[in-house]
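First comes the structure, then the notes that go with it.
Residue numbers (our numbering): 36 to 252.
Right, dumping it as structure tokens:
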């Protein structure tokens, strides 16, 4: 079975439909401009081509040769997990790229201590800080170059078994100062009529290293 037969002729539209079935997400596509199309007057303009350097070791591509927008990687290393007897053991994991069809949502709240003021309106905001980032990761496990949907499911389940933080790489995380996350919840779904597509959803929080200094008086 070819990749086109798996995902259909217009892969973009099919992926959008799969996301809608799995997670209730309804993407909006604009195949043509809104309104009556008009001819563009290009008189007086001179087109110039400018080549931008593309580093193959940085840009990740899909099985169709198209660039993956905001790819995400779980960084490998030595981690801890529980064995069958409930004992914590060490085990190693290699770097792992999440499926190409992955969406991530971020939310964060402030920790604000409010004090009511008697005889007045409003409150006094005394101390505030920032809570952890709440992260929602939604991935469609689909056959890739080296792994099937079941392989993706197996690897992601192994990552979820880690009893600690996981290093993460991706511009969506880096621009928010997130370098490590903790996976709190995993939900493996199914789509009727699509056994080779496995939707997986993670609920995670950011994890920052906190240094405490103890001074003697």
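For glycine and all other residues, C-beta sits at the position ideal for the given N, C-alpha and C.
Quiz item: With a CB to CB cut of under 6 angstroms and the five nearest residues on each side skipped, what residues in its chain are close to residue 223?
Solution: Here the question's residue 223 lines up with position 188 in the chain shown. If we look at residue 223 and ignore the five residues flanking it on each side, its Cβ neighbours are 235.
Quiz item: Would you call the region 235-245 and the region 211-221 in contact, with 3 or more CB pairs under 8 angstroms?
Solution: yes
Quiz item: Of the choices 154, 202, 162 and 136, whose alpha-carbon is the least far from that of residue 103?
Solution: As a first step, residue 103 is located in the chain shown; it is residue number 68 there, counting from the start. When only C-alpha atoms are compared, the closest one is 136.
Quiz item: What is the DSSP secondary structure of residue 206, reduced to helix, strand or coil?
Solution: Taking the chain shown and counting its residues from 1, the one referred to as residue 206 is at position 171. The answer is helix: DSSP assigns residue 206 an H, G or I state.
Quiz prompt | chain C within 7 angstroms of residue 98, Cβ atoms only | solution = Here chain C cannot be found, since the structure has a single protein chain.
Quiz item: What span of residues does the alpha helix (DSSP H) with residue 187 cover, start to end?
Solution: Sequence index remark: in the chain shown, residue 187 carries index 152 (1-based). From DSSP, the alpha helix (DSSP H) with residue 187 extends over 184-195.
Practice problem: Can you give me the start and stop residues for the beta strand (DSSP E) that residue 174 sits inside? | Solution: For the purposes of this step, residue 174 is taken as the residue at position 139 of the chain shown. Its beta strand (DSSP E) spans residues 169-176.
Quiz item: At a cut of 8 angstroms, does the region 183-201 reach the region 148-166 through at least three beta carbon pairs?
Solution: no
Practice problem: Along the beta strand (DSSP E) that carries residue 35, what are the first and last residues, could you check? | Solution: It is not possible to answer for residue 35, since the shown part of the chain is limited to 36 through 252.
Practice problem: Since I believe residue 176 is in contact with residue 193 (beta carbons under 8 angstroms), could you give me their beta-carbon distance rounded to a whole number of angstroms? | Solution: Stepping through the chain shown from its first residue, residue 193 is reached at position 158. Stepping through the chain shown from its first residue, residue 176 is reached at position 141. Actually they are not in contact, since the Cβ atoms of residue 193 and residue 176 sit about 14 angstroms apart, beyond 8 angstroms.
Self-check item: Residue from 204, 251 and 117 whose Cα sits closest to the Cα of residue 107
Solution: Residue 107 sits at position 72 when you count from the first residue of the chain shown. When only C-alpha atoms are compared, the closest one is 204.
Quiz item: Using DSSP with H/G/I as helix, E/B as strand and the rest coil, what is residue 57?
Solution: Counting from one through the chain shown, the residue named residue 57 turns up at place 22. DSSP places residue 57 in helix when its eight states are reduced to three.
Exercise. Can you grab the Cα-Cα spacing for the pair residue 185 / residue 230, in whole Å?
Key: Within the chain shown, residue 185 is the residue found at index 150, counting from 1. Within the chain shown, residue 230 is the residue found at index 195, counting from 1. Going by the C-alpha atoms only, they are around 10 angstroms apart.
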